[in-house]
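Trainee: Okay, handing you the structure first.
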Amino acid sequence: MILLIDNYDSFVFNVKSMLEQLSNDEILVRRNDEISLSEIKNLNPTHIILSPGPKHPSQSGICLEIFKARLNIPVLGICLGHQALALAFDSLVVKMQEPMHAKNSLIKQCRENELFSNLPLNFSVMRYHSLEVKQLSDELEILALDEKGVIMALGHKNLPYYG
Numbered sequence: 001m002i003l004l005i006d007n008y009d010s011f012v013f014n015v016k017s018m019l020e021q022l023s024n025d026e027i028l029v030r031r032n033d034e035i036s037l038s039e040i041k042n043l044n045p046t047h048i049i050l051s052p053g054p055k056h057p058s059q060s061g062i063c064l065e066i067f068k069a070r071l072n073i074p075v076l077g078i079c080l081g082h083q084a085l086a087l088a089f090d091s092l093v094v095k096m097q098e099p100m101h102a103k104n105s106l107i108k109q110c111r112e113n114e115l116f117s118n119l120p121l122n123f124s125v126m127r128y129h130s131l132e133v134k135q136l137s138d139e140l141e142i143l144a145l146d147e148k149g150v151i152m153a154l155g156h157k158n159l160p161y162y163g
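See below:
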């Protein structure tokens, strides 16, 4: 079972639809303030996905707790989930000088990695965010950057956490 944490963003249903197309696993959607860490442990998901959301990662409900608990469950953070991963491990999340809403960018992988295993080293993405991650802690590593050097993907060095 894949647990999809809804950070109060309509995009969560697009993510759920994509997961249903890619996996035969059950997809369970729970809001970020309607599930506890003990419930997550009892559900025993194979994977956890943290959806986008409209708030600052400090207001992402259970998301920070999931990372801080250091569960050995693969976690993928999308947008707000990406920012929550950074914040949970003492990295800086700041407002961008230029918000990236409905803007296309070229993403460049810093090295081959599991997250992008079936993608070329450089690829285009559509962006919808106004916060960015800066100054990563020693526990995290940069996996991809945009053409201006903005961190677009990161991972934990020792745990299966990606954002």
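Once you know that position 27 of the sequence shown is 27 in full-length UniProt numbering, the rest is easy, because the numbers rise by one and skip nothing.
Using N, Cα and C, we set each Cβ at its ideal position, and we do this for glycine too.
Predicted model, so just to flag it, every value in this text is computed and none were measured.
Indicate the three-state DSSP secondary structure (helix, strand or coil) for A84 in the structure shown.
Mentor: A84 falls in the helix class under three-state DSSP.
Trainee: Taking the CB atoms as reference points, tell me whether K16 and L4 lie closer together than 7 Å.
Mentor: Yes, Cβ-Cβ distance for K16 and L4 is below 7 Å.
Trainee: Along the chain, where does the alpha helix (DSSP H) that runs through L37 open and close?
Mentor: Run containing L37: 37 to 43, per the alpha helix (DSSP H) assignment.
Trainee: Whose C-alpha, out of L121, K55, E139, R127, is nearest the C-alpha of Y161?
Mentor: The shortest Cα separation from Y161 among L121, K55, E139, R127 belongs to E139.
Trainee: Between the Cα of I49 and the Cα atoms of V12, V94, S91, which residue gives the shortest distance?
Mentor: Nearest option by C-alpha distance: V12.
Trainee: If you compare alpha carbons, which of H101, N118, A102 is closest to Q109?
Mentor: The candidate whose alpha carbon is nearest that of Q109 is N118.
Trainee: Measuring only between beta-carbons, confirm whether N42 sits less than 7 Å from chain B.
Mentor: Checking the listed chains, one finds no chain B in this structure; it contains a single protein chain.
Trainee: What are the boundary residues of the beta strand (DSSP E) that L154 is part of?
Mentor: Start and end: 151 to 156.
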